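Enquirer:
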Amino acid sequence: GGAVGTEAGAVSADVTQAWSHLGGETGDLVGQSYRVSYSKLIDSTNSNISIAAYRYSSSGYMDLQTAVQTRDAVNHDEDPNSVWRSKNQFSVSLNQGLPAGLGNIYISSSMQNYWNSGNGYNTQYQIGYSNSYKWLNYSINASRNKSGTGEDQTSWYLTLSMPLWPGHAGSVPYMSMRYNEDSDGQRGEQVNLSGSFGNTSQYGYNVSGSHDNYSGSSGNVSGSWAGSKATLNGSYSTGSGYNSTSVGMSGGVVVHSGGVTFSPYNSDSYALIEAKGAEGAEVAGYGGATVDSSGYALSPSLIPYQQNHVAINPEGSDLGVEFENTSQDVVPRAGSVVKVKFNTHTGTPLLIVSTWKGEPLPFGADIVDDDNTTIGAVSQGGVIYVKVSKPKGGLTVKWGDDDHSQCQVAYTLNASEPEKDSKNTIQRFTSVCQ
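Per UniProt numbering, numbering through the sequence shown is continuous, rising by one, with the last residue being 434.
(1) Quick check on residue 490: does DSSP put it in helix, strand or coil?
(2) What do you get for Phe363, buried or exposed, if any count of 16 or more other CB atoms within 10 angstroms of its CB means buried?
(3) Quick check: the Cα distance between Val291 and Val331, rounded to an integer number of angstroms?
(4) According to DSSP, Thr261 sits in a beta bridge with which residue or residues?
(5) Shorter than 7 Å, the distance from the beta carbon of Tyr305 to the closest heavy atom of the ligand FMN, or not?
(6) For Val92, which of Ala53, Ser161, Ile303, Tyr114 has the nearest alpha-carbon?
(7) Ordered along the chain, which non-local residues of its own chain (more than five positions away) have a Cβ less than 7 Å from that of Gln306?
(8) I think Gly295 touches Ala278, with their Cβ atoms under 8 Å apart; what is that distance to the nearest whole Å?
(9) To test your reading of the DSSP string, which unbroken beta strand (DSSP E) runs of 3 or more residues are found completely within the stretch 352 to 400?
(10) Is the CB-CB distance between Ser246 and Ser267 below 8 Å?
(11) Does the stretch 318 to 332 touch the stretch 353 to 361, meaning 3 or more C-beta pairs lie closer than 8 Å?
(12) May I have the straight-line CA-CA distance separating Leu94 from Ser47, to the nearest angstrom?
(13) What did DSSP end up calling Val283 once you bin it into helix, strand or coil?
(14) Please classify Asp371 as buried or exposed, where buried requires at least 16 neighbouring CB atoms within 10 angstroms.
(15) Classify Met62: buried if its beta carbon has 16 or more other beta carbons within 10 angstroms, exposed otherwise.
(16) Report yes if the CB atom of Val337 is closer than 8 Å to the CB atom of Val254, and no otherwise.
(17) Let's see if you can read the secondary structure: which residues bound the alpha helix (DSSP H) around Arg144?
(18) What are the boundary residues of the beta strand (DSSP E) that includes Asp28?
(19) Go ahead and pull the three-state DSSP assignment for Asp72.
(20) Decide if Lys357 is buried, meaning its Cβ has at least 16 other Cβ atoms within 10 Å, or exposed.
(21) What is the residue span of the beta strand (DSSP E) that Lys339 lies within?
(22) What would DSSP say about Pro163, mapped onto helix, strand or coil?
(23) Considering just the uninterrupted stretch of the beta strand (DSSP E) at residue 495, what are its terminal residues?
(24) How do the stretch 165 to 176 and the stretch 139 to 157 stand: do at least 3 beta-carbon pairs fall below 8 Å, yes or no?
(25) Excluding five sequence neighbours on each side, which residues of the same chain lie with their C-beta closer than 8 Å to the C-beta of Pro173?
(26) With distances taken between CB atoms, is the gap from Ser201 to Gly316 smaller than 8 Å?
(27) DSSP three-state call for Thr66: helix, strand or coil?
(28) Compare the C-alpha of Gln89 against each of Gly120, Glu7, Asn343, Asn75 and name the closest.
(29) Could you pull the start and end residues of the beta strand (DSSP E) that Tyr305 belongs to?
Rendered as C-alpha cells:
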C-alpha cells in the first residue's frame, strides 16, 4: 500500500492478499482486496471529509473474522455460504465542527453487498450531534439501516458522560449513560462506570448495568492489570437466565535483531524503543509498559502515515541513567514496526559540596570529566551533581579561560556499594576544589 498527500487532500491505496484454509469439501480459498480512500481537512471551515471505496475482487477473499466464522460453520457441518463474504463497500463521512461552543455534527453513509447473497446492497445512514457543558459531554445520534431484502430500521441514541470528582488529582472514575429506542419498539438503558488506578494507571476496572424491554436486565464487572509483558483481565456477567465468568491474557510481541520484546498492549503498529541501560523506564501514556533488561520497549497504537509522538518517562530506571532526550516523532507505515533510539549515559550519581579558597564554587561553572567532556554545571551553594562512569577520577570546574579560573575536585566511589545499588544511590562527598 501507499499514500500521498496533496493540497487537494490525501489519497491512499492498498492491496491485501488472503489465503483461507477452511477444511472439509470447501478446501482453500484465495482472494484479493483492493482499497482506495480519500480524506480532506478544510481548516477554514473546520470540516473533515473522508471517502473510502472498497472492492473485493474475488469471491475467495476473506478477512480474519469471516474466515474464522466460515471455518467454524464447516467444522459443524453447516453451509459455509451462511457466512457472507464482502464484495463491494463504499462509505463517506463528514465531520463538521461548529463555531466555538456550538458543538460538532457528524454525517455518514455506507453501502455494502456480498458475493454469496443476491439481496442487493445493505445501506446505512447516520447523523449525530455532540457537545459539552462544563464537565458533561452529551451526544444525540440517529441511524437508519436498510437490508438488501428491503427491511429497514431506525434507531435513536442519547448519550451522557462525565468524570466523577472532576479536578481531583490523579485518575478519576468516568460515568456514562445511554438511552436508545428503535422503530421496532425496543427501548433500553445502560449505565457504565470505569476508571483506572496505580502509579501508571496499570489497573483498570469497569462496572456496567443495562435493561431493555425485550431481554430484561443484565450486569457486568471486569478488571484488568497491565504488566510489563502482558495484560491480564477477568470479568463476570449476569442476566436473565445466564451467568458467565471469563479470564484472559493479551499483549504483543516483536522479534527483532536485538532480541524479543513484549508489550501488554495489542497494536497493528509499534514503535520499538531502544534505551540501553534504562531498565524500568516507563513508556509514556501506557501503564505497565516498561523498558526490559535488554534495553527495549514497545510503544503501541501508532497512527499510520501521521506524525506520532513517542515518549519515555525516566521514572523507574536507575538514578545513574541520563537521557539525551525523552521524546521523538515518527511517521510509520500501516502495520509496521519503527525503531526509535534514545541515547543514554549511565554512571553513579555524585553530590559533592565543594569550596574554592574558602568560598562556594561559582554558580553555573562548567564541570568537565577526565575525558574533557562537559557533564554538568555547578548548582547554588557550590553543589556539584554529576554522574560518573569511573570508580575514581577527577572533575575540573571551569568558570573562565585562564588557569586562575578553574580548579580540580578528586573523587573515589564507595567500594562497599554493590554495582547495581551504586547506580541507584546518590553518593555524597564534601571536598575542597584545588
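Backbone N, C-alpha and C define an ideal beta-carbon position, used for all residues, glycine too.
Since the structure is predicted, the reported quantities are computational estimates derived from the model, not experimental observations.
Expert: On the basis of the coordinates in this document:
(1) A question about residue 490 goes unanswered here, because the residues of the chain that appear run from 1 up to 434.
(2) The count along the sequence shown starts at 1 and reaches residue 363 at position 363. The residue in question, Phe363, is exposed, as its Cβ has fewer than 16 Cβ neighbours within 10 Å.
(3) Sequence index remark: in the sequence shown, residue 291 carries index 291 (1-based). Sequence index remark: in the sequence shown, residue 331 carries index 331 (1-based). Taking the straight line from one Cα to the other gives about 22 Å.
(4) Taking the first residue of the sequence shown as position 1, residue 261 is located at position 261. Answer is Val254.
(5) For the ligand FMN, the structure offers nothing, since it holds no ligand at all.
(6) Position 92 of the sequence shown, counting from 1, holds the residue named residue 92. Comparing Cα positions, the closest option is Ala53.
(7) Against the sequence shown, residue 306 aligns to sequence position 306. Contacts found: Val331.
(8) Translated into positions along the sequence shown, residue 295 becomes position 295. Translated into positions along the sequence shown, residue 278 becomes position 278. Between Ala278 and Gly295 the Cβ distance is about 7 Å, and since that is below 8 Å, they are a contact.
(9) 366 to 368, 374 to 377, 383 to 388, 392 to 398
(10) To locate residue 246, count along the sequence shown from 1; it is residue 246. To locate residue 267, count along the sequence shown from 1; it is residue 267. Cβ atoms of Ser246 and Ser267: not closer than 8 Å.
(11) no
(12) For the purposes of this step, residue 94 is taken as the residue at position 94 of the sequence shown. For the purposes of this step, residue 47 is taken as the residue at position 47 of the sequence shown. The straight-line gap from Cα to Cα measures roughly 7 Å.
(13) Position 283 of the sequence shown, counted from the first residue, corresponds to residue 283. Strand at Val283.
(14) If you number the sequence shown from 1, residue 371 lands on position 371. Flag for Asp371 reads exposed.
(15) Position 62 of the sequence shown, counted from the start, is the residue given in the question as residue 62. Under this definition Met62 is a buried residue.
(16) Locating residue 337 in the sequence shown gives position 337, counting from the first residue. Locating residue 254 in the sequence shown gives position 254, counting from the first residue. Cβ distance < 8 Å, so Val337 and Val254 count as in contact.
(17) Locating residue 144 in the sequence shown gives position 144, where the first residue counts as 1. Careful: Arg144 lies outside any alpha helix (DSSP H), inside the beta strand (DSSP E) at 136 to 146.
(18) Stepping through the sequence shown from its first residue, residue 28 is reached at position 28. Per DSSP, Asp28 belongs to the beta strand (DSSP E) from 27 to 42.
(19) Walking along the sequence shown from the start, residue 72 turns up at place 72. DSSP places Asp72 in helix when its eight states are reduced to three.
(20) Here residue 357 refers to the residue found at position 357 of the sequence shown. Exposed is the call here.
(21) Here residue 339 is taken as the residue at index 339 of the sequence shown, counted from 1. Element bounds for Lys339: 337 to 341.
(22) For the purposes of this step, residue 163 is taken as the residue at position 163 of the sequence shown. Pro163: strand per DSSP, three-state reduction.
(23) In this structure the chain extends from 1 to 434, so residue 495 is not present and cannot be described.
(24) no
(25) Counting from 1 along the sequence shown, the entry for residue 173 is found at position 173. So the qualifying residues of the chain are Pro163, Leu164, Trp165, Leu193, Ser194, Gly195.
(26) Working through the sequence shown from its first residue, we reach residue 201 at position 201. Working through the sequence shown from its first residue, we reach residue 316 at position 316. The answer is no: Cβ separation not under 8 Å.
(27) For the purposes of this step, residue 66 is taken as residue 66 along the sequence shown, with counting starting at 1. DSSP places Thr66 in helix when its eight states are reduced to three.
(28) Looking up residue 89 in the sequence shown gives position 89. For the residues Gly120, Glu7, Asn343, Asn75, the minimum Cα distance to Gln89 belongs to Gly120.
(29) The residue given as residue 305 occupies position 305 in the sequence shown. No beta strand (DSSP E) holds Tyr305; DSSP gives it neither H nor E.
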